[in-house]
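Below is one structure, written out as structure tokens, with a few remarks after it.
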Amino acid sequence: MFFGTHAYAGLLGKNKNVFASSVASKPQELELPKGLVALSVAAIHAILSDYSRQCNENFPSKELAGVWKSALAILSNIEKVNKTRYHQLMHKLYINASGSLSPAGTLMTNQQIMDAVDWSAFADTSTSVTSSSDQSGTATSTVVAPA
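At position 107 of the sequence shown (counting the first as 1) the number is 107 in full-length UniProt numbering, and the numbers step up by one without a gap.
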């Protein structure tokens, strides 16, 4: 949503400082911020907890603050123990989330992002996957089962 060449991508351009590298000698290797990764961990935890309990708890659950704090503590510890590996992790998460193969260059279009995904890794061996974009530039993928 925030990466690509559409209107929302402007938010990233205006707020690139949020994605700053933790390594001064590698300013072009942007990273996801700890808070965003911790938020993602908490959201995934909430979804998996609801799924495992087979119930929809009122969001946010009471335990999410602890999950958030734990995720931040883990990330801070990784950074403290090995700053290089921390940077590699956060930069790789940025690359994977943004679809950007060239963080120093221009952002990819939605279609280029869709084309960069190995869709066959998600499909059964009996299905095929294609990707395309409509006239508005919205990228879509289609899974087709054999006849």
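A virtual CB, placed ideally from N, CA and C, is assigned to each residue, including glycine. Remember, it's a predicted structure, so these values are computed and weren't measured experimentally.
Take residue i as the anchor and find which of the options has the nearest alpha-carbon.
i	options	result
Ala38	Leu72, Leu48, Phe19, Lys80	Leu72
Ile74	Ser52, Ala42, Ala116, Leu30	Ala42
Ser22	Ser49, Ser76, Gln111, Ser98	Ser76
Leu93	Leu32, Lys26, Phe19, Asn17	Leu32
Leu30	Cys55, Ala97, Trp68, Leu48	Ala97
Ala46	Pro27, Val67, Lys34	Val67
Can you tell me whether residue i is helix, strand or coil according to DSSP?
i	result
Ala43	helix
Leu72	helix
Ala116	helix
Glu79	helix
Lys26	coil
Ser61	coil
Ala20	coil
Gln54	coil
Could you check the C-alpha separation between residue i and residue j for me, to the nearest Å?
i	j	result
Arg85	Ala24	14 Å
His87	Glu79	8 Å
His91	Asn82	14 Å
Ala65	Ile44	13 Å
Asp50	Leu89	28 Å
Val18	Gln112	24 Å
Cys55	Lys62	15 Å
Ala20	Ser40	18 Å
Leu28	Ser70	Strictly speaking, residue 28 in this sequence is Gln, with Leu absent from that position. In a straight line, the C-alpha of Gln28 is about 29 Å away from that of Ser70.
Leu36	Arg53	26 Å
Lys14	Leu48	34 Å
Ala116	Lys26	24 Å
Lys16	Ser120	32 Å
Going by DSSP, what residue range makes up the alpha helix (DSSP H) through residue i?
i	result
Leu32	Element bounds for Leu32: n/a, residue is neither H nor E.
Asn96	83-98
Any beta carbon from chain C within less than 9 Å of residue i's own beta carbon?
i	result
Asn82	The displayed structure is made up of one protein chain only, and chain C is not part of it.
Would the beta-carbon of residue i be found less than 8 Å away from any heavy atom of the ligand ATP?
i	result
Arg53	The model on display carries no ligand, and the ligand ATP is accordingly not part of it.
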